[in-house]
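Residue numbers (this note's numbering), protein chains in the order written: chain W, 487 to 600; chain U, 2 to 115.
Backbone N, C-alpha and C fix where the C-beta goes; we use that ideal spot for every residue, glycine too.
Below is one structure, written out as structure tokens; comments come after it.
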Amino acid sequence: KAGVTQTPRYLIKTRGQQVTLSCSPISGHRSVSWYQQTPGQGLQFLFEYFSETQRNKGNFPGRFSGRQFSNSRSEMNVSTLELGDSALYLCASSLAGVAGNEQFFGPGTRLTVL
Amino acid sequence: AQSVTQLDSQVPVFEEAPVELRCNYSSSVSVYLFWYVQYPNQGLQLLLKYLSGSTLVESINGFEAEFNKSQTSFHLRKPSVHISDTAEYFCAVLEGGAGNMLTFGGGTRLMVKP
């Protein structure tokens, strides 16, 4: 079974631009979560989607948004990029969104904002 | 809101020595507990988890962790480490009813020396 895939793996943008990151979950998984990892703030939860609905949202500004498609693939978008948005963005999928179901993480997209 | 504290940011240890990575959490509700491992330039891999039942949980590669409710701890141990265990380890908490919103500790970098 293929794992969680994220595209692109690396991205360089400049301040003020916007970016869209993509995540393809493991086949059959309906829950997709996004996390931001930075050296200063560590791993922080962004949002979770389950059956195309946002179920949970972390404490991030409205510039961060996401969506999930009917095939469970998910995208996250960051508008008006800031230097502080430079981070590794990780996507995780799980089977049915039930607490305790293992979350499988993708390799991440490393975003650099110049 | 829950929080997770990993008391040591770095733990250097010689090969074949025992190691303990400490994790404490705070939460007012029932929780599920996880340890994840991250190798360089990779995503997170689940090492082990506590959902309910026996407070001692084990992984297939020799790690174990014990849930201690009275001390709100979930320390990770291995009796004999290998060079290949060098990685960053993250403790995470999931509150019951919170979907898949994991709260992570700051991480502990385990450095195994020959």
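Rounded straight-line distance, which links the Cα of residue j to that of residue i
i	j	result
Thr104(U)	Gln3(U)	7 angstroms
Ser74(U)	Tyr40(U)	24 angstroms
Ala93(U)	Arg110(U)	15 angstroms
Ser579(W)	Met102(U)	12 angstroms
Phe550(W)	Asn563(W)	6 angstroms
Thr595(W)	Gln523(W)	10 angstroms
Pro19(U)	Phe590(W)	28 angstroms
Gly108(U)	Gln527(W)	11 angstroms
Contacting residues, own chain, Cβ-Cβ under 8 angstroms from residue i (five flanking each side not counted)
i	result
Lys50(U)	Tyr33, Leu34, Phe35, Trp36, Val58
Val505(W)	Leu497, Lys499, Asn563, Val564, Leu567, Leu597
Arg495(W)	Pro593, Gly594, Thr595, Arg596
Proximity winner among the options, relative to residue i (alpha-carbon distances)
i	options	result
Thr87(U)	Val12(U), His76(U), Val5(U)	Val12(U)
Thr491(W)	His515(W), Ile498(W), Arg501(W), Lys499(W)	His515(W)
Leu600(W)	Thr566(W), Gly592(W), Phe590(W), Gly594(W)	Thr566(W)
Ser81(U)	Glu65(U), Phe91(U), Gln72(U), Leu95(U)	Glu65(U)
Phe536(W)	Gly544(W), Gly528(W), Phe546(W), Arg553(W)	Arg553(W)
Ser556(W)	Glu588(W), Thr493(W), Phe590(W), Thr539(W)	Thr539(W)
Thr493(W)	Arg541(W), Ser560(W), Gln503(W)	Ser560(W)
Val14(U)	Gly98(U), Arg78(U), Thr56(U)	Arg78(U)
Tyr90(U)	Cys24(U), Glu17(U), Glu16(U)	Cys24(U)
Asn542(W)	Glu96(U), Val5(U), Gly106(U)	Glu96(U)
Thr6(U)	Asn62(U), Thr56(U), Gly54(U), Tyr26(U)	Tyr26(U)
Beta-bridge partners of residue i, as assigned by DSSP
i	result
His76(U)	Glu67(U)
Pro13(U)	Met112(U)
Met562(W)	Leu507(W), Gly552(W)
Gly514(W)	Answer by DSSP bridge pairing: none, since Gly514(W) is not bridged.
Arg596(W)	Tyr496(W), Leu574(W)
Thr491(W)	Ser510(W)
Asn25(U)	Thr6(U), Ser74(U)
Cβ-based neighbour list, residue i, same chain, cut-off 6 angstroms, excluding 5 preceding and 5 following
i	result
Asn69(U)	none
Leu507(W)	Met562, Tyr575, Thr595
Gln503(W)	Leu567
Beta-carbon proximity list for residue i, same chain, < 7 angstroms, skipping 5 on both sides
i	result
Ser558(W)	Pro511, His515, Arg516, Val518
is_contact[residue i, chain C] using C-beta, thresh 8 angstroms
i	result
Phe546(W)	Here the protein chains are W and U, and chain C is not one of them.
Exercise for review: Decide yes or no for the touch test of the stretch 567 to 575 of chain W against the stretch 523 to 542 of chain W: beta carbon pairs closer than 8 angstroms, at least 3 of them.
Suggested key: Note that the stretch 567 to 575 of chain W touches the stretch 523 to 542 of chain W; at least 3 beta-carbon pairs, one per stretch, sit closer than 8 angstroms.
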